[in-house]
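1 is the number of the first residue of the sequence shown in UniProt numbering; add one for each residue after it. Have a look at the structure below, then the notes.
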Amino acid sequence: MHAFRHPDPSAAQIAAALHRANAVALSALALGRHPFGALLLAPDHQTVLAEQGNIDTVQHAEATLLRTAAAKHAPEFLWDCTLVTTFEPCAMCAGTAYWANIGRVVYGASEEALLALTGNHAENPTLALPCRELLARGQKPVRVFGPVPELEAELLAPHRGFWATR
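Structure follows, in structure tokens:
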């Protein structure tokens, strides 16, 4: 069940998906929400099955998207799908990806980069637990891609100044 039937996404597919996830983050920002965005890509790494912006401190974009996907799709199908998110998934979101049977996770900017912007903000008390470390403790070989340094400035842009006004 944990063999991949499709190749990993290319660098161009990763970049295109992160640009789209950032557009979702900007939509969340326009609604006054934390500017995070996530996509679920089909096994072809091009078809977007779902997208989700952040809702609030507990309903993160990734976890919300993945709970919906797990209710809609078979675990075998989800194993060949890819979660794409603007920032490294927190422990809650990485754990949700694991339990939803997502086989690949792509993130643009690291949790450390976010922490450098948010500091000890009450609405974003980051956990110093890299998603790779959490996922490596599981029994499934979830593949993680990220960060993507060439896109970091674009992904950080919606956060600059945001957290100071909250």
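Note that beta-carbon positions come from the ideal geometry of N, C-alpha and C, so glycine has one too. Keep in mind it's a predicted model, so treat the numbers as computed, not measured.
Residue i - containing alpha helix (DSSP H), residue span
i    : result
T68  : 61 to 72
R132 : 131 to 136
T96  : 91 to 99
F77  : 75 to 79
L127 : From DSSP, L127 is part of no alpha helix (DSSP H); its letter is neither H nor E.
A164 : Element bounds for A164: n/a, residue is neither H nor E.
A157 : Careful: A157 lies outside any alpha helix (DSSP H) and carries neither H nor E.
Residue i at chain E interface by Cβ criterion, 8 Å
i   : result
H34 : Of the chains in the structure shown, none is chain E; there is only one protein chain.
Straight-line gap, residue i to residue j (C-alpha atoms, nearest Å)
i    : j    : result
H121 : A42  : 35 Å
P35  : D44  : 27 Å
A97  : L83  : 8 Å
E154 : A21  : 11 Å
A69  : A164 : 33 Å
L135 : M92  : 11 Å
R143 : N101 : 12 Å
W79  : A12  : 21 Å
K72  : L39  : 15 Å
A23  : S10  : 20 Å
A16  : Q139 : 30 Å
Q59  : P7   : 31 Å
Distance between beta carbons of residue j and residue i, contact taken as under 8 Å
i    : j    : result
L117 : H159 : 5 Å
Y107 : G146 : 4 Å
G37  : A28  : 6 Å
C131 : P75  : Between P75 and C131 the Cβ distance is about 20 Å, and since that is not below 8 Å, they are no contact.
L18  : L151 : 5 Å
C81  : G103 : 7 Å
P141 : H2   : 6 Å
I55  : T64  : 6 Å
E112 : R166 : That pair is no contact at about 20 Å.
Opposing strand residues paired with residue i [DSSP bridges]
i    : result
A50  : L40
V84  : L39, V106
R5   : Note: R5 sits in no beta bridge, so no partner.
R33  : Paired residues: none, contrary to the question.
F145 : V106
C-beta contact flag for residue i and residue j at 8 Å
i   : j    : result
T86 : A25  : yes
I14 : V105 : no
First and last residue of the uninterrupted beta strand (DSSP E) at residue i
i    : result
A109 : 104 to 109
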